[in-house]
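> In the numbering used here, the protein residues as written are 1 to 305. I have a structure I would like to understand better, so I am pasting it below and will then ask my questions one at a time.
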């Protein structure tokens, strides 16, 4: 209908929401307008359709001779009917700062695989509730308190774990038992194998060796440091450096929140995969037991530079 207009309204006072709104508009190629909840027209339309006590959360509006509005889970169905499944998924991926793909998951290439999936759950939460999870809005200094408050319910499943910002992921990882850490990495390689169009012989060998290392409890046989070096050579021959780092040395997709909590070291001088050099105790960073190198099995004791 030519005079029909679809609008997704966000809280303009939220810095993250402004970036999200821009990503949504780009993902939908202008088919979905984005306006702030504070916009005068949006305020009037929401009042007319949702009442004076309309929830302060993202609102989908259909404007023609009459106006219809949806918030929360109810907005998903009209969004899919209007944009189609692929574009709706692209909206969710954009909300999670994920790369948009016009192909179904089975057709994703290897580089796209680790950018998709985990962030979509957080993105959907922002769309449906209008706010980021509590852990995503605090400062790095809040992490210990969050860990303590959630000590008995720390996420162990891959999807739940990888929804966390990276700094929280690393903090949670250090609290998990070995079996839980093993399962997280093995699930990542399972998903990679399932989503890859082609796995070359060298790539399969690297994956097999990595999974064996994880199953041994993150140990090389008899402190076989030569085995570590050989694995590094195998990964370098099978993958581009960025892809190898993402698959074997980053649990879940990278994010823009930093690779380590503020003040903590972010690379290992024992298993250095920096583009440059891992400088020992750079900026007087705090060493951590886990979180760097292959399968995050090495202590972090420096910063890349």
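Here a beta-carbon is modelled for each residue, glycine too, at the ideal position from N, C-alpha and C.
Would you grab the beta carbon distance between residue 254 and residue 300 for me? Rounded to a whole angstrom, and I think it's under 8 Å.
One-based indexing of the chain shown puts residue 254 at position 254. One-based indexing of the chain shown puts residue 300 at position 300. Actually they are not in contact, since the Cβ atoms of residue 254 and residue 300 sit about 16 Å apart, beyond 8 Å.
> Reducing DSSP to helix, strand and coil, say where residue 298 ends up.
Here residue 298 refers to the residue found at position 298 of the chain shown. Looking at residue 298 - three-state DSSP - the assignment turns out to be strand.
> Please classify residue 66: is it buried, with 16 or more other beta-carbons within 10 angstroms of its beta-carbon, or exposed?
Working through the chain shown from its first residue, we reach residue 66 at position 66. Flag for residue 66 reads exposed.
> Compare the C-alpha of residue 151 against each of 165, 174, 166, 158 and name the closest.
Start at 1 with the first residue of the chain shown, and residue 151 comes out as number 151. Comparing Cα positions, the closest option is 174.
> Give the C-beta separation of residue 312 and residue 71 to the nearest angstrom, bearing in mind that I take them to be a contact with Cβ-Cβ under 8 Å.
What is shown of the chain runs 1 to 305, which leaves residue 312 out entirely.
> Residues in the same chain with beta-carbon distance under 6 Å from residue 291, minus the five sequence neighbours each way, listed in chain order, please.
For the purposes of this step, residue 291 is taken as residue 291 along the chain shown, with counting starting at 1. The residues are 170, 300.
> Quick check on the burial criterion: 16 or more other C-beta atoms within 10 angstroms. Buried or exposed for residue 308?
The requested residue 308 does not occur in the structure, where the chain is confined to residues 1 to 305.
> Would you mind giving the Cβ-Cβ distance between residue 218 and residue 295, rounded to the nearest angstrom? I have them listed as a contact below 8 Å.
As a working note, residue 218 is residue 218 in the chain shown. As a working note, residue 295 is residue 295 in the chain shown. Rounded, the Cβ-Cβ distance is 6 Å, consistent with contact.
> Out of curiosity, what's the CA-to-CA distance linking residue 47 and residue 85?
Sequence index remark: in the chain shown, residue 47 carries index 47 (1-based). Sequence index remark: in the chain shown, residue 85 carries index 85 (1-based). The straight-line gap from Cα to Cα measures roughly 29 Å.
> How is the alpha helix (DSSP H) around residue 253 delimited, first residue to last?
Within the chain shown, numbered from 1, the residue matching residue 253 stands at position 253. From DSSP, residue 253 is part of no alpha helix (DSSP H); its letter is neither H nor E.
> Give me the residue from 284, 166, 172, 236 with the minimum Cα distance to residue 146.
Taking the chain shown and counting its residues from 1, the one referred to as residue 146 is at position 146. Checked all of 284, 166, 172, 236; the closest Cα to residue 146 is 172.
> State the CB to CB distance for the pair residue 313 and residue 234, rounded to an integer number of angstroms; the pair is presumed to be in contact (CB under 8 Å).
Residue 313 cannot be examined here, being either before or after the span of the chain that is shown, 1 to 305.
> Taking contact to mean at least 3 C-beta pairs separated by less than 8 Å, is the segment 202–217 in contact with the segment 233–250?
Three or more beta-carbon pairs drawn from the segment 202–217 and the segment 233–250 are found closer than 8 Å, and the two stretches are therefore classed as touching.
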